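*Asks:* Mind having a look at this structure? Questions to follow.
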Amino acid sequence: MPDGTTPHFGPATIRIDGRAKVTGAARYASDETVENPAWAFLVTSSIARGRILGFRLDEARAVQGVLDILTHENVGGEAEKPKPMAGGDTTETMESDRIWHDGQIIAVVVAESFEAAREAAHKVRPDYEEEAPSASFGSAGVVEEVRKAGEHKDYRVGHAERAFRDAEFRVDQRYGTPTQHHNPIELFTTTCEWRDGKLTVYEPSQFVYGLRGNLAKQLRIAPESIRVVSRYVGGAFGSKGGITARTAWIAVAARRVRRPVKLVSTRDQGFTIVTYRAETRHHIQLGADRNGKLTAFRHEGWEVTSRPSQYNVSGTETTARIYACPNILTKVNIVHADRNTPGFMRAPPEGPYMYPLECAMDELAFALRMDPIELRRINDTQTDPATGLPFSSRSLMECFDKGAARFNWSARNPVPGATRQGDWLVGYGCATAAYAANIGASSARVTLTPDGRARVQIAAHEIGNGAYTVLAITAAEQLGLDVADVAVELGDTNLPAAGLAAGSNHTAAISHAVAKACDGIRERLARAAILANDSPFAGGDPAAITLSGRALNGPGGAQESLARALARTGEGPLEVTAENIPKGLPPDAMEKVRQGQMAMSRGHSRDDVTAYAFGAQFVEVRVHARTREVRVPRALGAFASPRIVNPMAAHSQYMGGMIWGIGAALHEKTEIDPVAARYTNDNIAEYLIPVNADVRSVEVLMVPEKDETVNPLGIKGIGEIGIVGMNAAVANAVFNATGRRVRDLPIRIEDLL
Amino acid sequence: MRPFTYERPDATREALKAAAAHAAPPGEGRIRAPAHYLAGGTNLLDLMKIGVAHPSALINIGPLHTEHGRIEASVEGLALGALVRMAEAQEHPAILRDYPVIAQTLQLAANQQLRNMASLAGNVLQRTRCNYFRDPSWRACNKREPGTGCAALEGNNRHLAVLGVSDHCIAHYPGDFANALAALGADVSILALDGTARRIPFEELHRLPGDTPHVETALQPGELITGFHVPAGPWTRRSLYVKVRDRESFAFATASAAVALHIEAGEVREARIGLGGLAAKPWRAREAEAALRGRRLDEHTAQEAAEVAFCGAVTHSENGFKPELGRRTLVRALLQAAEMEA
Amino acid sequence: MEITLKVNGTERHLAVDVRTTLLDALREHLDLTGTKKGCDLGQCGACTVLMDGRRVLSCFTLAVAAQGAEVTTIEGLATEDGPLHPMQQAFLEQDAYQCGYCTPGQILSAIACVEEGHARTDDEIREYMSGNLCRCAAYPKIVAAIQQAKPQMERA
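Here it is, written out as structure tokens:
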């Protein structure tokens, strides 16, 4: 079994769910068939703050085919508000008459058809008592507070204020990132069906057990009476991680109309009925000596959240440990506005917080007249500067060096605005990427059948991460089978529990559980073999027996076919269920997952090492000399990892993350009306994500790395790190191209005119 | 979306008859008429789904493609049937050769799926992307509900117009193709309900918002556009479209310029300029054209023309950059056109 | 109302609301759920199908208006266990997807892109595939898949 002591990149493997995906056979939640469904359509608030005085429903009820209209007046007591996955309080929907934010669910129309439900929903007339809302930073009425210590910590090492004051070179700047929405192409859908008091929910989810456990609490029923099915998820990026308000109301609706109820919410509703990435502000102070050695680092962040929520991402937990520095001070503030509660969105802390640090580093390099890579080399460290713990592995400079060579970084002209090709100004930028190596508790069941095939069953999540294939590869490797011999079932609470597919922990978490179950099978076969007289292993050491090539193999070339060994364990298939609780998690971690809570070991809160994935990212931008459109002809990311299970899908993950980052730097921004506190570009024609023509060369280098401690299989997550350095790499490249330093994202034409 | 009756007449006469059967409110223009013609559906179904348009009757004029689906190029100019699909025109050899600006406005619009569906007339009649107009839950929109105000004035107006706006509406015209038609001085052919044909300058088809932003065109309820006529001219070959947008493709123009030039002996004899993404309607910049006539086209004169084009611009909270971007876009287009071989 | 659609070579009779889109008719009435709803407003391309060989958006097509046309959906490209269309095979081999949700629309759009003659260069493919959004951003691999499938389609 390969482990982290030697880097191991597996063979590129075509996804086992690929055929289902290219033929349309893959069933996403809203593709699941239910008998005679009624259709739900949500009605959402058109004000951001106030109360509902009442509803005029006559017109809506008169629409042919309308079966029911749910409002707080008739169902308010039937469900409790959902608990956010990140903990803390959140806003209400139909539990009361209160409006907390724009686009809040205030009614659900149920009808015979989608068309009738939509028509009636448009005819629901709420009467409001309006109050003036607060939209965001700087709006009247927002409440700012220092983030309470809880899940996240601040760091104070040395005397950062004094060291900054005394520094020879200083960068003292403010940066900002906008509101962003996940906008997976799959809409937020929910189908609920009650049968004999049991509820089945088809909903795209990054955590089916979480959905089950939390929905059970909301509906005040036992979790065992709910089944959640989510076999394929059409993009998630954090938006389908925690439970949101809609699910319980659709369940209530289905109970009321005594039929399955199907909801396919609209694209604009997706901006307000789930979470989003909150806008952030940053104040960065870097102090350095003339050689570029950092002497002071201060990072203060501000994050918007809803009125009742304490949600924050506190990416200072990462920025405090990127560069060696004897004096560190971090602080995070939250700003309450009349908004829905934000939540995880791809690289939740690192995305918005690494951007200002990596821009500031570029600004410092420019002030020092130093190559930005050299500045990072001077401040590289193998010791976590915030805690003094060693990094489990940190190949940052190897990533920079390999990436720089491949990117031809040396061709960069350090003079800003001085390189022009035809009508286009050309610039290069780079940045560090880092993402905590997390791993959660998970269980899995593996079954070996006499025909030499295996079945893996686990309530894990296929969200584009290639989970089906990763587990087939893992099981095949552990059991000595071909990938084609392994069938994988995911996304169903009838299967053994797995945790949240987020925080780039999923592959690590579920692979370890499956590997453990496979090892259980190996052990059962081995134990039976050593006890059998007709076995070549009789009387041997079961631990010395391995599975490969459809056979048991032992010392001295002893071998026995899998079929023969399996027959010895009894009639029929051999089934093993295993749990894996990673080091550092409490013994009840698995039980927590089953109940629907998060149980994840974080790379920055371990007591033995600090575990992070690192990478270096490079971008070439072109800015039209006259009209100032910014385009990215070339990007390269070099990422270090001890183990890559499927390099084919891993490449796609890294690449996709990088392209996401290009979009985040140049396009993505949810516009909010400053007076009404309502989103205005709540569609994907005006909330811009990259299209095919925006993307040209995107190269990914996977850098093998030795790591004996991150986890037994040596798996660092890859789903999020790809975006982390891109914001800054693009912004730094724009500075190199134009001499214009844009500190508020996204960088648009008007910033460069 | 409210239920509607659906008809699919086979001939123009029947289509007009079907439209005539639905009484229209007087003086409100065609937008609020109860009967709508359905061609590609790419804008109409959009507006119906989001609750902005509520026709009670749809008259599918798809079958009329046989009557109004021709592209004819002659010495007099280019005749484009109203039901020619965008994708059909975008690569027509005569258009590519003699009217490149038209081909480019089509190629750079929307995406191939939409261009396969959308008719030229439907494209020309597409409605603003102002998000306050497109979401009926905003109460203040004079274009959607006359007299309710304009939320965009103090709102997110980055995309909205700076030319031709009024205190009642700053919505922009979002299309591309229409800017070429405006620049080239096209005419539009219209059939009235009673079958009477008329032909008006394309520039008169769209109206400025003034104090009636809900009346967007000169069309009366039930009137049907049957085609466009682009006069030939020595400027049409030296023509192009520059579309500046936030992303590389499948995005509306932040600013655009359709230009056509007749240059002889190094001097501009005739310049035609249409501006997109910047104005309340497809915009012809006649003063800028005049500023170029009889002069050499260089950075300096292009700049002067661009200044003239935007001297009447009115900006709001978030679109203050648009006159400058518009000027630069126009200069870029003019200088690029001057370099064309024509 | 009663309508007849010709989908993947088969005539299907169904009763729909006059407002039902081709997209909803396929998904909710004919159980052809390979065609996806990503925005329902013509902004994402996930619902792309072929109508008489041309790629169109099924969310902007009324089912009633689709009568008489030959509609091809993702389910019509290969039989259940039969060989894949070269474009499907190329998407598989190039890993030209991640979550797979936009994939049916991408594949139909890609087939049309080749058949229209808009796949002459990488740049042309990028432009003519820009109507199909992929939030996982498989774009470079989609271009590679089209380049892979194109010669096979041209030979066929």
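Line by line, the protein sequences are chains A, B and C. At position 225 of the first sequence (counting the first as 1) the number is 236 in our numbering, and the numbers step up by one without a gap. At position 131 of the second sequence (counting the first as 1) the number is 550 in our numbering, and the numbers step up by one without a gap. At position 74 of the third sequence (counting the first as 1) the number is 943 in our numbering, and the numbers step up by one without a gap. We treat Cβ as the ideally placed atom computed from N, Cα and C, and that holds for glycine. These numbers were taken from a predicted model, which means no experiment stands behind them.
My understanding is that Leu483 (chain B) touches Met505 (chain B), with C-beta atoms under 8 Å, so please give their C-beta distance in whole angstroms.
*Replies:* Reading the second sequence from its first residue, position 64 is the one you call residue 483 (chain B). Reading the second sequence from its first residue, position 86 is the one you call residue 505 (chain B). About 17 Å separates the two Cβ atoms, so there is no contact after all.
*Asks:* Buried or exposed: Gly730 (chain A), going by 16 or more other Cβ atoms within 10 Å of its Cβ?
*Replies:* Counting from one through the first sequence, the residue named residue 730 (chain A) turns up at place 719. Buried is the call here.
*Asks:* Three Cβ pairs or more, each shorter than 8 Å: is that satisfied between the region 908-916 of chain C and the region 738-756 of chain A?
*Replies:* Judged by Cβ distances under 8 Å, the region 908-916 of chain C makes no contact with the region 738-756 of chain A, as fewer than three pairs qualify.
*Asks:* Using C-beta distances below 6 Å, list every residue in its chain close to Arg456 (chain A), excluding the 5 sequence neighbours before and after it, in chain order.
*Replies:* On the first sequence, residue 456 (chain A) is found 445 positions in, with the first residue counted as 1. Closer than 6 Å at Cβ, skipping near neighbours: Gln468, Pro507 and Thr588.
*Asks:* Using a beta-carbon distance below 9 Å, is Val520 (chain B) in contact with chain A?
*Replies:* The residue labelled residue 520 (chain B) in the question sits at position 101 within the second sequence. It does not: the Cβ of Val520 (chain B) has no partner Cβ on chain A nearer than 9 Å.
*Asks:* Does the CB of Val192 (chain A) have a neighbour CB from chain B at under 9 Å?
*Replies:* Against the first sequence, residue 192 (chain A) aligns to sequence position 181. According to the sequence shown, residue 192 (chain A) is His rather than Val. Chain B, which has no Cβ nearer than 9 Å to the Cβ of His192 (chain A), makes this no.
*Asks:* Less than 9 Å separating the beta-carbons of Arg60 (chain A) and Ala143 (chain A)?
*Replies:* Position 49 of the first sequence, counting from 1, holds the residue named residue 60 (chain A). Position 132 of the first sequence, counting from 1, holds the residue named residue 143 (chain A). Yes; because the gap between Cβ atoms is below 9 Å, this pair is in contact.
*Asks:* Report buried or exposed for Gly15 (chain A), applying the criterion of at least 16 other Cβ atoms within 10 angstroms of its Cβ.
*Replies:* By one-based count along the first sequence, residue 15 (chain A) stands at place 4. Model confidence at Gly15 (chain A) stands at a pLDDT of 47, short of 50, so the residue's coordinates are unreliable; what they give is reported in the following sentence. By the neighbour-count rule (16 or more Cβ atoms within 10 Å), Gly15 (chain A) is buried.
*Asks:* Give me the Cβ distance between Gln191 (chain A) and Ala687 (chain A), rounded to the nearest whole Å; I'm assuming they're in contact under 8 Å.
*Replies:* The sequence position of residue 191 (chain A) within the first sequence is 180, counting from 1. The sequence position of residue 687 (chain A) within the first sequence is 676, counting from 1. Not a contact, Cβ separation roughly 20 Å.
*Asks:* Which residues bound the alpha helix (DSSP H) around Gln958 (chain C)?
*Replies:* In the third sequence, residue 958 (chain C) corresponds to position 89, counting from 1. Here the alpha helix (DSSP H) through Gln958 (chain C) covers Pro955 to Gln963.
*Asks:* Taking Ser216 (chain A) as the reference, give the member of A:Ala40, A:Asp493 and A:Pro598 with the closest Cα.
*Replies:* As a first step, residue 216 (chain A) is located in the first sequence; it is residue number 205 there, counting from the start. The residue with the shortest Cα to Cα distance from Ser216 (chain A) is A:Ala40.
*Asks:* Can you name the residues of chain B whose CB is closer than 7 Å to the CB of Ser57 (chain A)?
*Replies:* For the purposes of this step, residue 57 (chain A) is taken as residue 46 along the first sequence, with counting starting at 1. Ordered by position in chain B, the residues that pass the 7 Å Cβ test against Ser57 (chain A) are Ser556.
*Asks:* On the three-pair Cβ rule with 8 Å, is the region 235-248 of chain A touching the region 518-528 of chain A?
*Replies:* With the cut-off at 8 Å, the region 235-248 of chain A and the region 518-528 of chain A do not touch.
*Asks:* For the alpha helix (DSSP H) holding Glu91 (chain A), just list the boundary residues, first then last.
*Replies:* On the first sequence, residue 91 (chain A) is found 80 positions in, with the first residue counted as 1. Where Glu91 (chain A) is concerned, there is no enclosing alpha helix (DSSP H), given that its DSSP letter is neither H nor E.
*Asks:* Which residues, in chain order, does the region 32-64 of chain A contribute to contact with chain C at a C-beta distance below 8 Å?
*Replies:* Within the region 32-64 of chain A, the qualifying residues are Lys32, Val33, Thr34, Gly35, Ala36, Ala37, Arg38, Tyr39, Ser41, Asp42 and Thr44.
*Asks:* Of the choices A:Val135, A:Ile345, A:Cys336 and A:Leu226, whose alpha-carbon is the least far from that of Arg67 (chain A)?
*Replies:* To locate residue 67 (chain A), count along the first sequence from 1; it is residue 56. The option with the nearest alpha carbon to Arg67 (chain A) is A:Val135.
*Asks:* Return the residues of the region 989-1014 of chain C that lie within a Cβ-Cβ distance of less than 9 Å from chain A, sorted by chain order.
*Replies:* Correct list: Asp991, Asp992, Ile994, Arg995, Glu996, Tyr997, Met998, Ser999, Gly1000, Asn1001, Leu1002, Cys1003, Arg1004, Cys1005, Ala1006, Ala1007, Tyr1008, Pro1009, Lys1010, Ile1011 and Val1012.
*Asks:* Of all the residues that make up the region 958-973 of chain C, which are near chain A by a beta-carbon distance shorter than 7 Å?
*Replies:* Hits within the stretch, in order: Phe960, Leu961, Glu962, Asp964, Tyr966, Gln967, Cys968, Gly969, Tyr970, Cys971, Thr972 and Pro973.
*Asks:* May I have the straight-line CA-CA distance separating Ser612 (chain A) from Gly510 (chain A), to the nearest angstrom?
*Replies:* For the purposes of this step, residue 612 (chain A) is taken as the residue at position 601 of the first sequence. For the purposes of this step, residue 510 (chain A) is taken as the residue at position 499 of the first sequence. Cα to Cα, the separation comes out at about 12 Å.
*Asks:* Name the one or two DSSP bridge partners that Ala699 (chain B) has.
*Replies:* The residue given as residue 699 (chain B) occupies position 280 in the second sequence. Answer by DSSP bridge pairing: none, since Ala699 (chain B) is not bridged.
*Asks:* Could you tell me if Thr44 (chain A) is buried or exposed, where buried requires 16 or more neighbouring beta carbons within 10 angstroms of its beta carbon?
*Replies:* Working through the first sequence from its first residue, we reach residue 44 (chain A) at position 33. Exposed.
*Asks:* If we ignore side chains and look at the alpha-carbon of each, how far apart do Pro13 (chain A) and His19 (chain A) end up?
*Replies:* The residue given as residue 13 (chain A) occupies position 2 in the first sequence. The residue given as residue 19 (chain A) occupies position 8 in the first sequence. Legend: pLDDT at Pro13 (chain A) = 47, less than 50; position of this residue unreliable, value from coordinates given subsequently. So the alpha carbons of these two residues sit roughly 7 Å apart.
*Asks:* Can you find at least 3 beta carbon pairs, one from the region 162-179 of chain A and one from the region 332-345 of chain A, that sit closer than 8 Å?
*Replies:* Taking 8 Å as the limit for Cβ pairs, the verdict is that the region 332-345 of chain A does touch the region 162-179 of chain A.
*Asks:* Using the DSSP secondary-structure output, state which residues sit across from Lys905 (chain C) in a beta bridge.
*Replies:* Translated into positions along the third sequence, residue 905 (chain C) becomes position 36. DSSP, once it has assigned bridges, lists no residue as partnering Lys905 (chain C).
*Asks:* In terms of residue numbering, what span does the alpha helix (DSSP H) encompassing Ser522 (chain A) cover?
*Replies:* Numbered from 1 along the first sequence, position 511 holds the residue referred to as residue 522 (chain A). Residues His517 to Leu542.
*Asks:* Using a Cβ distance threshold of 8 Å, determine whether the region 966-976 of chain C contacts the region 622-642 of chain A, with at least three qualifying pairs required.
*Replies:* The answer is no - the region 622-642 of chain A does not touch the region 966-976 of chain C, with fewer than three Cβ pairs under 8 Å.
*Asks:* Taking contact to mean at least 3 C-beta pairs separated by less than 8 Å, is the region 558-571 of chain B in contact with the region 587-595 of chain B?
*Replies:* The answer is yes - the region 587-595 of chain B touches the region 558-571 of chain B, with three or more Cβ pairs under 8 Å.
*Asks:* Is the beta carbon of Ala452 (chain B) closer than 9 Å to that of Gly614 (chain B)?
*Replies:* Taking the first residue of the second sequence as position 1, residue 614 (chain B) is located at position 195. Taking the first residue of the second sequence as position 1, residue 452 (chain B) is located at position 33. For Gly614 (chain B) and Ala452 (chain B), no; Cβs fall outside 9 Å.
*Asks:* Is it true that the region 311-327 of chain A meets the region 240-256 of chain A, where meeting means three or more beta-carbon pairs spaced less than 8 Å apart?
*Replies:* These segments do not touch.
*Asks:* Show which residues of chain C have a CB atom less than 7 Å away from the CB atom of Ser663 (chain A).
*Replies:* For the purposes of this step, residue 663 (chain A) is taken as the residue at position 652 of the first sequence. Going along chain C in sequence order, the residues near Ser663 (chain A) (Cβ under 7 Å) are Asp964, Gln967, Ala1007 and Lys1010.
*Asks:* Residues of chain A with CB closer than 7 Å to the CB of Asp893 (chain C), please, in chain order.
*Replies:* The residue given as residue 893 (chain C) occupies position 24 in the third sequence. Per Cβ cutoff of 7 Å: Phe125.
*Asks:* By alpha-carbon positions, which one of A:Ala445, A:Gly551, A:Gly550 and A:Val426 ends up nearest to Asn743 (chain A)?
*Replies:* Taking the first sequence and counting its residues from 1, one reaches residue 743 (chain A) at position 732. Nearest of A:Ala445, A:Gly551, A:Gly550 and A:Val426 to Asn743 (chain A), Cα basis: A:Val426.
*Asks:* When you compare each of A:Arg223, A:Ile261 and A:Lys680 to Ala49 (chain A) by their alpha carbons, which one comes out closest?
*Replies:* For the purposes of this step, residue 49 (chain A) is taken as residue 38 along the first sequence, with counting starting at 1. That would be A:Ile261, whose Cα lies nearest to the Cα of Ala49 (chain A).
*Asks:* So what does DSSP say about Tyr551 (chain B), is it helix, strand or coil?
*Replies:* Locating residue 551 (chain B) in the second sequence gives position 132, counting from the first residue. Three-state result, Tyr551 (chain B): coil.
*Asks:* Going along chain B in order, which residues have a C-beta closer than 7 Å to the C-beta of Gly911 (chain C)?
*Replies:* On the third sequence, residue 911 (chain C) is found 42 positions in, with the first residue counted as 1. Result: Thr461, Asp465 and Leu533.
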